[in-house]
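Novice: Supplied in structure tokens, the structure appears directly below.
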Amino acid sequence: MKNRYVSGLSTALLLCALTACDPPCESPHPPDTFVLVHGAWQAPYAWQFVEAQLNELGQKVVVVQLPAHGDDPTPPAETSMELYKKTVVSAIKKIPGKVILVGHSMGGAVVTAVAEQIPHKIDKLVYVGAFVPGNGQTLFELAAYNTESLLGPALEPSEDFLTFGIKSDQIVPIFIQDGSPALQQLVLDQYQPEPAPPFDDPIAVTDRNWGKVDKYFIHTLQDNNLGPDFQEMMFTAAGITRIYPIESGHCPFLSRPTETTTILLNISKLN
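All residue numbers for the sequence shown refer to the numbering used here, where the first residue is 845 and numbers rise by one.
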């Protein structure tokens, strides 16, 4: 797998440059627009540190809130992968030019569907410890291969099967075992049950649309949610060869925000 990894040297140099500047560095590269999509059981709050760092470095950032997450009042019964896709597509269409679209975890399926619909608007597609579905696959089908995960045994479906909860003592080990006590408390405070219907919706993928978009994968090597081997299975099947390993749990944007920001900036500068 090492031969797939983009050299860590350039990432380390960027990290040094990022952390050494006071005030934050002005990038010689024209500003990009990053569209950040959160994953399951989370909301826009998860991107707050990366969003702040990108903004400080002169980049443009749009964080999308998926329906029925955060403070969005959409009932779980009305959610679908199609609705998630439309929400992100609508946000991107308001932005001039192309964007760097970033999806975490379940958000990987969402950004896949978005890139399939509007490939001409996507400059780069970045998966962060994320699902990468093949054509016609659902998240439920893909998750069957996620044998390393702590998530399955911790799931608590609602009586109507419209949402999935997680056993309270498993939220930290699954999402943020590598974070500080304050970060762990943040994740606990923001936790909400996850709408179930979108997980059963197949994703359409074609070579002529999604296949033509430049793709990158941030591989979370200490992930207790989407196991590292499961991630490798998906990015290998998808033909994604530009892989950025990060020694983090499932949420590197919380536990390692500066490193995550640096990787995103590194990706943005690639031709």
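Every residue, glycine too, gets a C-beta built ideally from N, C-alpha and C. If you're wondering where the values come from, they're calculated on a predicted model, not measured in any experiment.
Do residue 1066 and residue 1093 have their C-beta atoms closer together than 8 Å?
Specialist: Yes, the pair counts as a contact, with Cβ atoms nearer than the cut-off.
Novice: What does a CB cutoff of less than 6 Å around residue 880 pick up in its chain, not counting 5 residues either side in sequence?
Specialist: 891, 907 and 946
Novice: Are the segment 898-905 and the segment 881-889 in contact at 8 Å, needing three or more beta carbon pairs?
Specialist: no
Novice: Quick check: the Cα distance between residue 949 and residue 971, rounded to an integer number of angstroms?
Specialist: 8 Å
Novice: Assign residue 1059 to one of three DSSP states: helix, strand, or coil.
Specialist: strand
Novice: Going by Cα to Cα distance, which pick from 1014, 983 and 1036 is closest to residue 1002?
Specialist: 1036
Novice: How many angstroms separate the CA atom of residue 845 from the CA atom of residue 1027?
Specialist: Note on residue 845: pLDDT 44, under 50, position unreliable in the model; the coordinate value appears next. Inter-residue distance for residue 845 and residue 1027 is about 31 Å (C-alpha atoms, whole angstroms).
Novice: Would residue 853 be called buried (16 or more neighbouring beta carbons within 10 Å of its own) or exposed?
Specialist: Below a pLDDT of 50, predicted positions are generally treated as unreliable, and residue 853, at 40, falls in that range; no measurement from the model is reported.
Novice: Residue 906 bridges to which residues according to DSSP?
Specialist: 879
Novice: What number of angstroms, rounded off, separates the C-alpha of residue 1084 from the C-alpha of residue 923?
Specialist: 29 Å
Novice: Pick helix, strand or coil for residue 929, following the three-state DSSP scheme.
Specialist: helix
Novice: For the pair the segment 933-940 and the segment 1038-1049, tell me if three or more CB-CB distances fall below 8 Å.
Specialist: Below 8 Å, too few C-beta pairs join the segment 933-940 and the segment 1038-1049 to call them touching: fewer than three.
Novice: Scan the segment 1007-1050 and note each continuous alpha helix (DSSP H) run of 4 residues or more that stays entirely inside, going in chain order.
Specialist: Within the segment 1007-1050, the complete alpha helix (DSSP H) runs of at least 4 residues are 1015-1019 and 1025-1034.
Novice: Over what stretch of residues does the alpha helix (DSSP H) that includes residue 1089 continue unbroken?
Specialist: First-last for residue 1089: 1087-1090, but that is the beta strand (DSSP E), not the alpha helix (DSSP H).
Novice: Can you confirm whether the segment 955-965 touches the segment 924-934 when touching is taken to mean that 3 or more C-beta pairs between the two stretches lie within less than 8 Å?
Specialist: yes
Novice: For the segment 929-984, which segments carrying the alpha helix (DSSP H) assignment without a break, of at least 4 residues, lie completely within its bounds, in sequence order?
Specialist: 951-961
Novice: Based on Cα-Cα distance, which residue from 998, 909, 913 and 955 lies nearest to residue 1060?
Specialist: Here the closest residue by C-alpha is 955.
Novice: Per the DSSP calculation, residue 1001 is bridged to which residue(s)?
Specialist: 1008
Novice: Would you mind sorting residue 863 into buried or exposed? The rule is 16 or more other CB atoms within 10 Å of its CB.
Specialist: Residue placement at residue 863 is flagged as unreliable, the pLDDT there being 45, under the threshold of 50; a coordinate-derived value is accordingly withheld.
Novice: Only counting the same chain, and skipping five residues up and downstream in sequence, which positions put a Cβ closer than 7 Å to that of residue 1077?
Specialist: 989
Novice: Drop a sphere of 10 angstroms on the beta-carbon of residue 1100, count the other beta-carbons inside from all chains shown, and report buried for 16 or more, exposed for fewer.
Specialist: buried
Novice: According to DSSP, is residue 918 helix, strand or coil?
Specialist: Reduced to three states, the DSSP call for residue 918 is coil.
Novice: Can you check which of these residues, 974, 979 and 999, is closest to residue 1054 by C-alpha distance?
Specialist: 979
Novice: Using alpha carbons as the reference points, say which of 1080, 1090 and 898 lies closest to residue 876.
Specialist: 898
Novice: Are the CB atoms of residue 1080 and residue 1039 nearer to each other than 8 Å?
Specialist: Contact: no.
Novice: On a CA-only basis, which of 885, 896 and 894 is nearest residue 1117? Give me that one, please.
Specialist: For residue 1117 there is no data in the structure shown, the boundaries of the chain being 845 and 1115.
Novice: Nearest to residue 1021 by CA position, among 1004, 957, 1095 and 1010, is which residue?
Specialist: 1095
Novice: Going along the chain, which residues of its own chain have a beta-carbon closer than 8 Å to the beta-carbon of residue 1070, five neighbours each way excluded?
Specialist: The beta carbon of residue 1070 sits closer than 8 Å to the beta carbons of 949, 973, 974, 975, 990, 993, 1064 and 1094 from its chain, once the five residues preceding and following it are set aside; these are given in chain order.
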